Structures are given as structure tokens and as C-alpha cells.
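Read in order, the letters of the first sequence are residues 64 to 370 in the working numbering.
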Amino acid sequence: MHTPLINSGKYLVVIAGPTAVGKTGVAIELAKAWNSEIISADSRQFYREMSIGTAKPDENQLNKIKHHFVGQLSVHHYYNVSKFENEALNLLKGLFTKHDVVFLVGGSGLYIDAVCKGIDDFPDPAPELRNYLKGIYLDEGITRLQEMLLQKDPEYFETVDINNPNRLLRALEVCHTTGKKFSEQRSNKLKPRDFQIIKIGLNLLRPELFSRIGMRVDQMIENGLVDEVKSLLPFRHLNALNTVGYKEIFDFMDSKITLHQAIMNIKTNTRRYAKRQLTWFNRTDEYTWYEPSQINEITSYLANICR
RNA sequence: GGUGUCGUAGCUCAGUUGGUAGAGCAACGGACUGAAAAUCCGUGUGUCACUGGUUCAAUUCCAGUCGACACCA
Numbered sequence: 064m065h066t067p068l069i070n071s072g073k074y075l076v077v078i079a080g081p082t083a084v085g086k087t088g089v090a091i092e093l094a095k096a097w098n099s100e101i102i103s104a105d106s107r108q109f110y111r112e113m114s115i116g117t118a119k120p121d122e123n124q125l126n127k128i129k130h131h132f133v134g135q136l137s138v139h140h141y142y143n144v145s146k147f148e149n150e151a152l153n154l155l156k157g158l159f160t161k162h163d164v165v166f167l168v169g170g171s172g173l174y175i176d177a178v179c180k181g182i183d184d185f186p187d188p189a190p191e192l193r194n195y196l197k198g199i200y201l202d203e204g205i206t207r208l209q210e211m212l213l214q215k216d217p218e219y220f221e222t223v224d225i226n227n228p229n230r231l232l233r234a235l236e237v238c239h240t241t242g243k244k245f246s247e248q249r250s251n252k253l254k255p256r257d258f259q260i261i262k263i264g265l266n267l268l269r270p271e272l273f274s275r276i277g278m279r280v281d282q283m284i285e286n287g288l289v290d291e292v293k294s295l296l297p298f299r300h301l302n303a304l305n306t307v308g309y310k311e312i313f314d315f316m317d318s319k320i321t322l323h324q325a326i327m328n329i330k331t332n333t334r335r336y337a338k339r340q341l342t343w344f345n346r347t348d349e350y351t352w353y354e355p356s357q358i359n360e361i362t363s364y365l366a367n368i369c370r
């Protein structure tokens, strides 16, 4: 797992797990115990216009513990993992001058990995190029993208998920902007970090998790999710709004489905999202798993490591 | 009470001129390097209501039972 060569005495504690499992509550308890702060790694809680549907920590919780990266962006901002890696590391540098233990909490596996392991340096995508390639995809289909990639980067073509337009688009984008093969530039190397990393996973038995998801969606509706989505209708084309809880309500507002169906769809899609998150986190054995109620066990587990 | 239709996967339903069955959705498993709450890939999980009968063989045909629905009383 983590066998650090040097011990800086600084610890980044990652709290990960599927949506609705109860990460926020646990993280706040831990951050209180260590008198520290929380960095969010939830790619949709970054946006200030999206609160109800992303189950952001509430006012009360935000007042208890300082949270970073919650609501600091507008849906109109372009954002990506690489930016998050840089900004989070920068922030951590500052936080570690005041704290020995800082918490990184969220469900976006890629974002967590970017902070813990690093991500290769590629140029940010040029919007015109992305639109151009996307146009080709829409006009000529995925086969055309496959042909282009086979020609530009046969090595990557061999290993990519050839049916996944996002993967192909991204690889082509990098080939075009750098003039080099995407596969040549993927190092797959861990970037060194000058803090220790402890990873804690939170999970529940599937039926319990699913019932929490159901209740939370009902709660969101009660809290006014439909109005929140309504106010974002003009921006539905933005990436930030391609999100569970929002796209289903858009379908309802288009009269494609009833509100009841939209709510059912949100629950289904949230369950699937939770499953995808678990698949990601279970990819490694780096996580020590607990149920969210085991706050005492988690606290003593951490206390044993961090002094 | 009578007549008719139906009872097959978690749900909605196909189907088998008799050789133990398949779609959609749900579910389950997986992948993942700047869109990641995104995007993509894979998998049928079943006493064919129950009990008998006919048959080498019944989910399929026959009888009865139970249940649902419709119509008639």
C-alpha cells in the first residue's frame, strides 16, 4: 500500500465512497476531532448554482468546518481534473503549514487520484479543436474517429475502449495539439507527494445504500430541486448540467416524462452512479473500508497512524 | 353462482405445431489520464401458478384446484 520513504508528518486523509453513503457527516466529525479543514473532491459540488441536486453540505455544516472547493465555480466556468490537481496541491501546501492532517472528501475517483497520484501534463483542450472533432463524430460516426486514431496513434488504438467516443475524441485532441502520439505521452508514473496519504472508504450494504439514495432523492424534491433545475434551464447544454438529478428534470420540463418518472429515473441513475464509484474505488486495495456509523473505529484507526 | 380470458425472469410481455424458454426495462459485473454525477463494455438471474392424467418426453395437450380480470346472473 503506502510505504513512504520519508515521513513528513503531514497526512492527507481521503474519505471516499459512493454517493449518499454519508461521507459529509463522517468527514465533519473527523475534521472537528483534528481541528482541521476539508477539501471537497466532488466534481459537481464545485458549482455554486447546483446545490440541492448535488447534496452539498448545508449552511450549518459549512459553518462548523471550513470546506474548500464547494461552490467556488460557476456552471459557466470550464474546469477539469488537471486544474483541480494543481489547485488542490497548492491549497494543501498552505493548509499543511497550519495542520498536520487535512481531509480530502468526495466521490469523484478520478479527481481523488489526480491529487494522490498525479496526472500527466497535457495541454488543455482547445475548444475549437474539440468542437471540430465532435462535429466529425456527429456527422460521420464513431467509425471515422476510429480510423483517425488508428492512423494517428495505432498503439493507443490497440488498448483504448474503441466504442467510447470520449476516449477517442480526447486522444485525437492530444495528438493534434501536441503533434505527438497520445500513447507516447502517457507516463503512468506516480508523481511524488510530500505528504502521506491514508485512504478510507465508506460503504453500506447495498440495500441500505439504495434505500438511502431513494430517501435522499425524495428529500431533494421536497427541498425544491425542480425550481433549482428550472433556473438552470437556459444552461442545460453546459457540461456541469450533464448530471444526475438535473438531466432527468430537464426531460420532465420537456414533457418527455412525468415528474414521477423523472424522480424514478434519478433514483435509478444515482444507483448506477454509486455502483460505478464503487468499481473505481475497489480497483485498488488502498482503501480501508468502514461503515459510516463506525466513527469511533475510524477515529482510532487514524489516531494510530497520525501520532 | 355461471361463462370466458389469463397465470412464463424483479417488472411488462413474447414463445415453444410436445424435446425444460427469450426480449425490453430493472438488476448484477467491469473499464476509466483535462466532459468523470461524464463516457463506454459485458452478463439471463426461471419449480413456465399448483396437483394429477396422456406421452419415451409436458411449460406446451387434457382434467381438477387456486389466483387475477372481464362479462352474465
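Note that the Cβ used here is the ideal one computed from N, Cα and C, for glycine as well.
All values reported here derive from a predicted model rather than from experimental measurement.
Is it buried or exposed, residue i, if we count other Cβ atoms within 10 angstroms and call 16 or more buried?
i: P355; result: buried
i: N328; result: buried
i: Y141; result: exposed
i: R269; result: exposed
i: E285; result: exposed
i: G72; result: exposed
i: L173; result: exposed
i: T372; result: The question about residue 372 has no answer here: the residues shown for the chain are numbered 64 through 370.
i: R346; result: exposed
i: P255; result: exposed
i: K252; result: exposed
i: L272; result: buried
i: A366; result: exposed
i: Q340; result: buried
i: K330; result: buried
i: I326; result: buried
i: L201; result: exposed
i: S363; result: exposed
i: E122; result: exposed
i: S99; result: buried
i: E291; result: buried
i: Y74; result: buried
Looking at C-alpha atoms only, which residue of the options is the closest neighbour of residue i?
i: S106; options: L295, V89, S137; result: S137
i: R279; options: G308, E291, K252, F166; result: G308
i: D176; options: K262, N332, N328; result: K262
i: A303; options: W97, Q108, L75, T82; result: Q108
i: Y336; options: E291, P81, V77; result: P81
i: N149; options: I182, A118, Q135, E122; result: I182
i: N332; options: F344, W97, K310; result: K310
i: F344; options: M316, L75, R299, A79; result: A79
i: Q282; options: V77, L75, A83; result: A83
i: T240; options: N227, N229, E191, C179; result: E191
i: D257; options: K180, R193, Y110, E92; result: K180
i: V77; options: A151, K338, R193; result: A151
i: Q135; options: Y110, A118, N143; result: Y110
Using a Cβ-Cβ cutoff of less than 8 Å, which residues in the same chain neighbour residue i once the five nearest sequence positions on both sides are dropped?
i: M64; result: At M64 the pLDDT is 45, less than 50, meaning the model places this residue with poor confidence and gives no usable figure here.
i: S145; result: A177, I182, D184, F185, D187
i: T222; result: S246
i: N70; result: Q259
i: M316; result: V292, K293, L296
Which same chain residues end up closer than 7 Å to residue i when comparing Cβ atoms and leaving out the 5 residues on each side of it in sequence?
i: L288; result: I115, G116, G308, I312
i: W352; result: G264, N266
i: P120; result: T87, H130, V133
i: E112; result: S137, V138, L295
i: F147; result: Y174, A177
i: I225; result: Q209
i: S171; result: A104, D105, S106
i: R334; result: F273, I276
i: R249; result: D183
i: E62; result: The question about residue 62 has no answer, for the chain in this structure spans 64 to 370.
i: G85; result: L265, P355
i: I358; result: V89, E92
Go through its chain and collect everything with a Cβ distance to residue i's Cβ below 6 Å, but skip five positions before and after it.
i: I101; result: A90, A94, I128, H130, F166, V168
i: F220; result: L212, L213
i: R299; result: F313
i: L231; result: L208, L212
i: P228; result: Y200, I205
Taking 8 Å as the cut-off, does the stretch 194 to 206 touch the stretch 121 to 128 (at least 3 CB pairs, one atom from each stretch)?
no
Complete runs of the alpha helix (DSSP H) confined to the stretch 236 to 277 [at least 4 residues]:
245 to 248
Assess contact between the stretch 146 to 160 and the stretch 202 to 218, defined as three or more Cβ pairs (one per stretch) separated by less than 8 Å. Is contact present?
no
Contained alpha helix (DSSP H) runs [length at least 4] in the stretch 122 to 149, N- to C-terminal order
122 to 127
Below 8 Å, how does it come out for the stretch 158 to 174 and the stretch 216 to 232: are there three or more Cβ pairs, yes or no?
no
Contact between the stretch 239 to 249 and the stretch 322 to 342 (3+ Cβ pairs under 8 Å):
no
Could you tell me which whole alpha helix (DSSP H) segments of length 4 or greater appear in the stretch 161 to 195?
172 to 179
Across the stretch 228 to 244 and the stretch 182 to 194, are there enough close Cβ pairs to call them in contact, namely three or more that are closer than 8 Å?
yes
Whole alpha helix (DSSP H) elements within the stretch 68 to 98, 4-residue minimum
86 to 96
My parser needs the beta strand (DSSP E) runs of 3 or more residues fully inside the stretch 273 to 338; what are they?
none
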